[in-house]
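Be aware that the sequence shown starts at 1, since it is given in the UniProt record's numbering, and climbs by one per residue. Glycine is no exception: its CB is placed at the ideal position from the N, C-alpha and C atoms.
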Amino acid sequence: MSHAVSYRVMILEDDPSMAELLGHVVRQLWAGSRVSTFSDVPSALKHWYEHKADLVLVDWTLPGENGTAFLDVVHREAPLTRRVMISGNVDKQVVIEARKVGVDGFIAKPFQIQDVMQRLAAIMAVPKSSLTGDALREPLPDFLRREIQRGQFGLPVTGKLRLNADGSQHDPAETLQLWRQHPAPLARLIGAANTGAYNLDGRAIESFTEAVKLLGFQTANTLIQGLAMQPGSDIQHPLLQDLVKEFLNDSLRIAAIATRLARAAGAPPDPCINAAMLFRMGELACLQLIQRWVTAGGEPEEAECRHELAKHAPEVGNLLKMQWRLPLNLRVRVGAMYSLQPGTVKVDRIIMRIAGLVLSQGERKEIRRLLGRIGFDGDQINAFMDEWYPPAMRA
């Protein structure tokens, strides 16, 4: 039985998106590695003295003092620990300083992910590892329960979105349009914009445009690359690919319904569109977990997959929304597609509930009642039902 190699790894990097990306690179190389990230030398040193590490990745430019202060300690106390310097400055003086503290490798920013992976694998002198069927041969329900308890969730990065996340240069306008049409970047960027690392005044950011403006295009692109590096992010099994398409189409249909309703009701459509794109967050996150199981040697069956998705998607979706720090109003809009709290009067939430009912072919009388609550008259209600229901299905 083979086991994936794992290491204790410290990442000293003050850019949270870059630290997250490097963490994904390490886990992609060595499944099960314990990765700790730090933004300043004092906190990194405290952890080092208590736990040490097999590999340290250290940025040159840090708040207070540069990364060589930390590398110097590691060099003196643990010569067998591998040390890698990361810097956007590659002039001669930086290289000289890095050599003084015995670095094993130097990575220049900006970098290509595959180049970094190859460089780190060579430094650690082990091949890139992956999960094997022998290591994780267990029933899908058991695997999902264990992975959900671990709480390491993500969303699939597939198709054009995956090609766009390879680190190459792309037209920013086209890239932003692609991001806003996919749940993974939309949720990840809005969530990141609501964390203290980027949002210093604590103002809730619900708009995709606002989120990208706050983060900056380069940071946003780094975060998307990090998503693409997560295990299972690349959905490869045909059955799982079909399920991803099905759930993405559900979101697109909800978005179309919500847009139509919002415009007719005189409400801004963007908040509803954002919520619609996150409608199947839980299912998509579970499919990423199932792809990890498939990579480990499992063979999925449609009936079992759908059963497990129905069982776990609500919990996983809620955990991921909280984990990624999505703002409360956005989470409530997403929840409204499944159920509406009694006494709700906010138009955006009623719109999302109507859209959810239409998608699930819910009670038509309830839809008519809710349409009336957002100001539709009899003719508008009939026109909406004509638009979204065949005559044989209308009440």
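Exercise for the section: Over the uninterrupted beta strand (DSSP E) stretch that includes V58, give me the two end residues. Expected result: L55 to D59
Exercise for the section: Might you give, ordered along the chain, the residues of its own chain that have their beta carbon closer than 8 Å to the beta carbon of L186, omitting 5 neighbours on each side? Expected result: Sequence-distant Cβ neighbours of L186 in its own chain, meaning closer than 8 Å and more than five residues away, are W179, R180, F208, N274, M277 and L278.
Practice task
Less than 8 Å between the CB atoms is what I'm expecting for R83 and L71, so what's the real figure, rounded?
Solution key: Between L71 and R83 the Cβ distance is about 5 Å, and since that is below 8 Å, they are a contact.
Handout entry: Sub-8 Å separation of M10 and A78 beta-carbons
Key = No; because the gap between Cβ atoms is not below 8 Å, this pair is not in contact.
Exercise for the section: Tell me where the alpha helix (DSSP H) around R82 begins and ends. Expected result: Following the DSSP letters along the chain, one finds R82 in no alpha helix (DSSP H) but inside the beta strand (DSSP E) bounded by residues R82 to S87.
Exercise for the section: Answer yes or no: do A336 and R364 have a C-beta to C-beta separation smaller than 8 Å? Expected result: no
Handout entry: Integer-rounded CB distance, given that V157 should sit under 8 Å from S251
Key = So it is not a contact: roughly 15 Å between Cβ atoms.
Practice task
Mind checking who M10 pairs with in its DSSP beta bridge?
Solution key: S36 and V56
Exercise for the section: Identify every residue that forms a DSSP beta bridge with F106. Expected result: M85
Handout entry: 4-residue-minimum alpha helix (DSSP H) runs that sit fully inside the region 282-356, ordered along the chain
Key = 302-323 and 328-336
Exercise for the section: Drop a sphere of 10 angstroms on the beta-carbon of R306, count the other beta-carbons inside from all chains shown, and report buried for 16 or more, exposed for fewer. Expected result: exposed
Practice task
Return the CA-CA distance between M281 and A313, expressed in angstroms with no decimal places.
Solution key: 8 Å
Problem - Straight-line gap, D272 to A173 (C-alpha atoms, nearest Å) - result: Looking at the sequence shown, residue 272 is not Asp but Cys. Cα-Cα distance, rounded: 22 Å.
Practice task
Under 7 Å Cβ to Cβ from P268, same chain only, skipping five residues before and after it: list those, please.
Solution key: Around P268: A262.
Problem - Sequence-distant residues of its chain with Cβ nearer than 6 Å to A211 (five each side left out) - result: L189, I190, A193 and I205
Problem - Bounding residues of the alpha helix (DSSP H) (the contiguous stretch that carries L223) - result: Looking at the DSSP string, the run of the alpha helix (DSSP H) that includes L223 is F217 to M229.
Problem - Cα-Cα separation between V35 and A383, rounded to whole angstroms - result: 56 Å
Handout entry: Cut-off 8 Å between Cβ atoms - residues of its own chain near N329, not counting five sequence neighbours on either side
Key = A204, E206 and P271
Exercise for the section: Measure the alpha-carbon distance for P342 versus L370 and round it to whole angstroms. Expected result: 12 Å
Handout entry: Separation of I290 from Q149, as counted between CA atoms
Key = 14 Å
Practice task
Give me the Cα-Cα distance between V94 and G88, rounded to the nearest whole angstrom.
Solution key: 10 Å
Handout entry: Residue burial classification, Q28 (beta-carbon count within 10 angstroms, cutoff 16)
Key = buried
Handout entry: Nearest neighbour of residue 467, chosen from M18, R76, D348 and R331 [CA to CA]
Key = Since the first residue of the chain shown is 1 and the last is 395, residue 467 is not available in this structure.
Problem - Residue range of the unbroken alpha helix (DSSP H) whose run includes P156 - result: Secondary structure note for P156: it is in no alpha helix (DSSP H), with a DSSP letter that is neither H nor E.
Handout entry: Alpha-carbon to alpha-carbon, S43 and M322
Key = 26 Å
Problem - Proximity to H75 [Cα-Cα], best of V103, A264, T222 and E97 - result: For H75, the nearest C-alpha among the options comes from V103.
Problem - Exposed unless 16 or more other CB atoms sit within 10 angstroms - verdict on Q218 - result: exposed
Exercise for the section: Find the nearest neighbour of V345 within the set E315, R373, L62 and D171, judged by alpha-carbon distance. Expected result: R373
Exercise for the section: Hey, could you find the ends of the alpha helix (DSSP H) S251 is sitting in? Expected result: P238 to A265
Handout entry: Proximity winner among R162, E304 and I254, relative to Q236 (alpha-carbon distances)
Key = R162
Exercise for the section: Measure how close the beta-carbons of Q225 and L21 come, nearest whole angstrom, since I'm counting them as under 8 Å. Expected result: 6 Å
Exercise for the section: Closer than 8 Å by C-beta to S339: which residues in its own chain qualify, once you throw out the five before and the five after it? Chain order, please. Expected result: R353
Practice task
Given a cut-off of 8 Å, decide if L240 and P327 are closer than it, judged by their beta-carbon atoms.
Solution key: Not a contact, by the Cβ cut-off of 8 Å.
Problem - Among F38, Y49 and H51, nearest to G67 - alpha-carbon criterion - result: The residue from F38, Y49 and H51 with its alpha-carbon nearest to that of G67 is F38.
Problem - From N221, G362 and E283, residue whose alpha carbon lies closest to that of D242 - result: E283
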